[in-house]
Amino acid sequence: MPERLSEGRERVNRWLYKNRHELIAEVMRAHRELDAERVTHAETRKALRDAHQGMIEMRPYVSDYFAEKWDHDGYIRRAKAALEADDART
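Pasting the structure below:
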């Protein structure tokens with residue numbers, strides 16, 4: 005039984021050695037995708053924060069009629085909730 009296990013390990017090691025360049029390339033590709041996702045998340049978060057801040061600053065200039073019609077305060081609350089949820093996640 006130990007000989008079969010040893011043979012199996014040897015086969016796996018040969019396969020890993022034979023395919024090492026492809027495996028390294030795959031790991032590097034996954035790493036680049038993860039970095040791109042992190043950048044995208046950071047950019048999206050910054051855009052949401054900017055939009056949230058802009059809506060807060062704009063609120064005094066929006067008439068009550070349009071604020072209610074467009075649910076301006078609701079957008080502000082949802083943006084704040086999304087930012088807080090993201091803070092809690094990270």
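Residue numbers (the working numbering): 5 to 94. Quick reminder that beta carbons are idealized off the backbone N, C-alpha and C, glycines included. Remember, it's a predicted structure, so these values are computed and weren't measured experimentally.
Query, Result
"Cβ separation of His-45 and Ala-83, assumed to be a contact under 8 Å, to the nearest whole Å", "Not a contact, Cβ separation roughly 16 Å."
"Candidates Leu-52, Ile-80, Asp-54: closest to Arg-63 by CA position", "Ile-80"
"Reduced DSSP secondary structure (H/G/I, E/B, other) of Val-16", "helix"
"Run of the alpha helix (DSSP H) containing Val-66, from where it starts to where it stops", "First-last for Val-66: undefined, no H or E at that position."
"Alpha-carbon to alpha-carbon, Ala-86 and Ser-67", "25 Å"
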